[in-house]
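Sequences listed follow chains A, B, C, D, E and F, in order.
Heads up: the first sequence begins at 1 in UniProt numbering, then just goes up one per residue.
Heads up: the second sequence begins at 1 in UniProt numbering, then just goes up one per residue.
Heads up: the third sequence begins at 1 in UniProt numbering, then just goes up one per residue.
Heads up: the fourth sequence begins at 1 in UniProt numbering, then just goes up one per residue.
Heads up: the fifth sequence begins at 1 in UniProt numbering, then just goes up one per residue.
Heads up: the sixth sequence begins at 1 in UniProt numbering, then just goes up one per residue.
Even glycine gets a Cβ: it sits at the ideal position worked out from N, Cα and C.
Structure first, then comments.
Number of protein chains: 6
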Amino acid sequence: MIFILFLLTLLSHSTSNASVLDFCVADLSSPQTPSGYPCKSSVTIKDFVFSNFNEGNTSNFFKFSVTPAFVDQFPAVNGLGISTARLDLDIGGTVPMHSHRGASELIIVVQGRITAGFISSANEVFVTTLSKGEILVFPQGLLHFEFNAGKSKASAFLIFSSSNPGSQVVDLALFGNKLSSALVEKTTLLDHAQVRKLKAIFGGSG
Amino acid sequence: MIFILFLLTLLSHSTSNASVLDFCVADLSSPQTPSGYPCKSSVTIKDFVFSNFNEGNTSNFFKFSVTPAFVDQFPAVNGLGISTARLDLDIGGTVPMHSHRGASELIIVVQGRITAGFISSANEVFVTTLSKGEILVFPQGLLHFEFNAGKSKASAFLIFSSSNPGSQVVDLALFGNKLSSALVEKTTLLDHAQVRKLKAIFGGSG
Amino acid sequence: MIFILFLLTLLSHSTSNASVLDFCVADLSSPQTPSGYPCKSSVTIKDFVFSNFNEGNTSNFFKFSVTPAFVDQFPAVNGLGISTARLDLDIGGTVPMHSHRGASELIIVVQGRITAGFISSANEVFVTTLSKGEILVFPQGLLHFEFNAGKSKASAFLIFSSSNPGSQVVDLALFGNKLSSALVEKTTLLDHAQVRKLKAIFGGSG
Amino acid sequence: MIFILFLLTLLSHSTSNASVLDFCVADLSSPQTPSGYPCKSSVTIKDFVFSNFNEGNTSNFFKFSVTPAFVDQFPAVNGLGISTARLDLDIGGTVPMHSHRGASELIIVVQGRITAGFISSANEVFVTTLSKGEILVFPQGLLHFEFNAGKSKASAFLIFSSSNPGSQVVDLALFGNKLSSALVEKTTLLDHAQVRKLKAIFGGSG
Amino acid sequence: MIFILFLLTLLSHSTSNASVLDFCVADLSSPQTPSGYPCKSSVTIKDFVFSNFNEGNTSNFFKFSVTPAFVDQFPAVNGLGISTARLDLDIGGTVPMHSHRGASELIIVVQGRITAGFISSANEVFVTTLSKGEILVFPQGLLHFEFNAGKSKASAFLIFSSSNPGSQVVDLALFGNKLSSALVEKTTLLDHAQVRKLKAIFGGSG
Amino acid sequence: MIFILFLLTLLSHSTSNASVLDFCVADLSSPQTPSGYPCKSSVTIKDFVFSNFNEGNTSNFFKFSVTPAFVDQFPAVNGLGISTARLDLDIGGTVPMHSHRGASELIIVVQGRITAGFISSANEVFVTTLSKGEILVFPQGLLHFEFNAGKSKASAFLIFSSSNPGSQVVDLALFGNKLSSALVEKTTLLDHAQVRKLKAIFGGSG
């Protein structure tokens, strides 16, 4: 046994996880840094498992649900540059136009058929309909969308190249906050009536 | 003189620029890589100078002009993780809602008064009006806008944390390409008439 | 229409994909660089879709199958720092002890039950059994394994924080190449007979 | 309104800034990490604005002034890999030979005419004179200088590819600290009298 | 003297180390982040010197010794992406098969003759014998080994592209912890007797 | 044997080095990219060995010698973020004041005694004398120097956190090229006579 400790000391230079940065499970109670959360000082197998990757509740306006396993839900991905989420689309369900400032995304369809697309910086449109077992790439920061293209429920796994991709939904950004109607109209050329109508739907003020 | 060459050889290990990667001026004629363009094999001081950073033509619908010095216009920034652009706003000029997938941005007002703002992933709105000599940060990938808040022309310098930030204008992405009206309506809840009207303005088809 | 091209020129600074590095679909026919493959000069929606993410053939010694969507199979992930693979385990199937030099990994169980684990640099063992919808993290470069813990087929999606994670199977590295038995025995303390036996299985010479 | 919170929860996974790392405004009171300062837990628009980017006082030996907006003066750039500074040069003003260990730099002349140059690792000299609206690149870590080439005041904006570029002025490093004259002479071959003279100017001891 | 402080303020923007991130000497008493340890608030020359890089004790089973100067032993390398270690091999000494999850390695032989090799992801074997003054590369995360090929003691300096490379020895990972014999046998095809024998040597339980 | 190829295909996804980016040995005949040289398409063990790390010729003005193993001399370090060099100092030998724009450095003394030091951005001086087996850190981009502090030859190994650190010697940058005396004097305050004298030594013109 002594020999083992000796070898460990020689080759692993540590008997604790915290000082061997194989991983850095987030201590969500500490302030973040630009590289992520500080590391928990001790971990168990439980820290590395995420168990809530189940079908979400799609009984809402857009008939979709996203179940994230990002760093705030799954601290083990802190610092690893990777995370995932589950997407469920009821019949007729849609994920409205949105983008992720911090990650490229892969969508893997696991059930049903999903139409998905993105628009590039060169303003080209890339749209396709995916069946079970097909994968599409959404490059980082570009507007994209998905909707159920079939007659039954659809589901997909979303993979992100960041532990915290962030999301921005166009409708929420324009109509779901205190951004004034005047500002929205000026910066989008949308009509006043249209803006008011959507602010009512998305709960925006001003 | 021999001594110098000797010292150079010892300490600079090179007599050519290309093999001392102080810089990598883009060879725009070669295919890009994920890290940028391959390097030009020989350079002169001219390669490091950009001379067209002048006031742009704002006689257009939005009464604004952006003069970029990105890698495609200024190959010397290739690989340096930095670039810049000049913004000019005529009276009443506006930069419509847009985002940059690849860079955070600083705006430095050099003339007039500019109202600028962005919306965060947490859907908070950050808006302010800047006078000459004031700077605002736009974090990477988030929707933001600027407009002339004064009674005279306004100008600003835009600084980006990438040699190729990319830009996506919401109106262009939604109304300026072949994305079908049906898709736009489905993913934004905008009315059909509104979408048709804006497609007419921005030249979108479908 | 002119106005659109104008806006595009101002804000997207490009009319081609290649010079707006939203993405860099690999040109697999060109030599790689440390950041990945050079970019294809023109792309279509087909470049962004992977369609072969189906159940693999598990009729082999270990009764498992891995279907990769890495950069060599799915060029669209080039430079994005992300890729995926599908794992299928027949009843009794096992993925032998291995590591990925270039990526951390998430395993998401989509069918059946899978026992998985890894060993840390501090030589701690982390093992658990995952059911459908559970996720485990394998930190970069650490030895790990999976096997079917149930009485039916099991499947999982593997997510990697690199477009080209690389893989090293301990048995293949020790017994499946020309590494001499003497070297294997000296560096592992395995018995000669054991090494010979496994070289026979894994086709090693020397 | 409920629907909005729901969408936010689904797509932004957060109702606070701190856990959505769109940005990481520096908490200057906490110890730095290799990636920068920890993030402030709550921010307002004021955190994103810098208002002191005005002409500096050039009544000094070199007749120049640098007004930095680096992370210590402008905490919002923390973690963004970008910062800026304003340079003012009185008639005859000079920025002495210096380098920035942590950033490449762009200089944009906004008033007057400035001669600027740098020396490469291959010991090539790159010098030019810039007029208003011209930009020059200084690659990271290389010695460079600027001086007023005109008959009136000159100003420029300096852009850096780091939130904290650091600066090292050759004269200060050699003559403005406790580095002994003997060491300076030995490592530069400067004459003793010259070293003493400059130490007197720059306040060096030893 | 006033002029100096003035210049310092203008150009270095700091009078403390902590806020000029030239370096970030680790505060080992604080929790790590994904980018390393937080920085010590004040440092002296002593913080930058490592003095224990001497010949280690090789009186152990494998007759080798590794003396690390990683971040936990040499806090000054924190955040610098570099570290080193000294290797000593007695006559007949061997470093067993291992890998480093976080770093590529260079071995520089300084005394004697050392046989070293690694196995690639493509399962190719690269082996050679190095004499004093020869260097070999071990790419990140790949299994490699070294042993004394001569009739006298051998020594080498090991250079790593990380301040905390981490190490995983195959024998320790398989036989030196609580990983059950059943799991080892299942994931390696090693015989039960062999596993028990090596667990006895390396102190594994289960 | 078939089984092996099968396993390799499944787990290594390659039968060539080039498409498994364990390493990227530089093809020095191709243009560099910002991430380094393109990779050689096929390699052997010879590509990974550097054999010229011997004592250099110190019969020169400064009585020192640097033998680099950077990417241009040792293509195997391409893309690995690491390189090394050997330093030899004759009695009285000195490495003049210099900096490396692209790397932090460790100096390991292997023979004799060496005085070494650097100056920080905060203009603090860090100097010490190292004996055999002692290590000092030089943070990236900061001016530093070394000289033989003993009565016999001294040698050291230099470790860099880049495959191509670049070097800039103050005397060469100021006096060993075509930078005009007037420019040197203006940007350093050195006397004309001093500049002429050193230009004569270092072979500068103008």
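Secondary structure of P75/A (DSSP, three-state): helix. The Cβ atoms of P34/D and G36/E sit closer than 7 Å to each other. Look at the beta carbons and you see the stretch 69 to 82 of chain D touching the stretch 151 to 168 of chain D: at least three pairs across the two are nearer than 8 Å. Under the 10 Å beta carbon count, G206/B is surrounded by fewer than 16 other beta carbons and is classified as exposed.
Contact annotation: in the stretch 161 to 181 of chain A, residues whose CB is within less than 7 Å of a CB in chain B are G166, S167, Q168, V170, D171, L172, A173, G176, N177, K178, L179. Taking a Cβ-Cβ threshold of 9 Å, the residues of chain A close to S35/E are T33, P34, S35, G36, G79, in chain order. Rounded to whole angstroms, the separation of the alpha carbons of I45/F and S180/C is 16 Å. Chain F has a Cβ within less than 7 Å of the Cβ of P96/D. Going by beta carbons, V127/E and N177/C fall outside the 7 Å limit. Residue state for E146/C is assigned as strand, using DSSP reduced to three classes. Taken in chain order, the complete beta strand (DSSP E) segments of 3 residues or longer contained in the UniProt domain "Cupin type-1" (51 to 196) of chain D are 64 to 69, 83 to 89, 94 to 99, 105 to 111, 114 to 119, 125 to 130, 135 to 138, 144 to 148, 154 to 160. DSSP lists A26/D as the bridge partner or partners of C39/D. The beta carbon of S104/B sits closer than 6 Å to those of P139, Q140, S161, all from its chain and outside the five residues before and after it, given in chain order. Beta-carbon to beta-carbon, N148/E and L89/E are separated by about 4 Å, close enough to satisfy the 8 Å threshold. Cβ-Cβ distances below 7 Å link S29/D to nothing in the same chain once the five nearest sequence neighbours on each side are left out. In this structure, F50/B and I114/D do not form a Cβ contact; the two beta carbons are roughly 14 Å apart against a cut-off of 8 Å.
When Cβ-Cβ separations below 7 Å define contact, T187/B makes contact with chain A. Around the beta carbon of I91/D, a 10 Å sphere encloses fewer than 16 other beta carbons of the protein chains shown; the residue is thus reported as exposed.
Residues of chain B with a Cβ closer than 7 Å to the Cβ of R101/F are, in chain order, D22.
Within its own chain, the residues whose Cβ lies closer than 7 Å to the Cβ of N57/D, once the five positions on either side in sequence are excluded, are S65, listed in chain order. Chain order gives the chain A residues near N123/B as L172, A173, G176, N177, where near means a beta carbon separation below 7 Å. For P75/D, not one C-beta of chain B is nearer than 7 Å to its own C-beta. Note on geometry: alpha-carbon atoms of V195/B and T187/B lie some 12 Å from one another. If you draw a straight line from the Cα of V71/A to the Cα of L21/D, it is about 11 Å long. With contacts defined by Cβ atoms closer than 7 Å, H98/F and S155/F do not form a contacting pair.
Of all residues in the stretch 139 to 152 of chain C, only P139, L142 come within less than 7 Å of chain A when Cβ atoms are compared, listed by chain position. Taking 8 Å as the upper bound for CB-CB distance, G93/F and F62/F are in contact here, some 6 Å apart. Within chain A, the residues whose beta carbon sits less than 7 Å from that of S41/D are P31, listed in sequence order.
One thing to note: V25/F has its Cβ within 7 Å of the Cβ of P75/F. Nearest C-alpha to F48/C among V137/A, S83/A, N54/A: V137/A.
The residue from V109/A, G112/A, L142/A, S41/A with its alpha-carbon nearest to that of S121/A is L142/A. For V66/C, the closest Cβ of chain A is not nearer than 7 Å. For D47/E, none of the residues of chain D pass the 7 Å Cβ criterion, the least Cβ distance being about 15 Å. Interface with chain A (7 Å Cβ-Cβ cutoff): N57/C is excluded.
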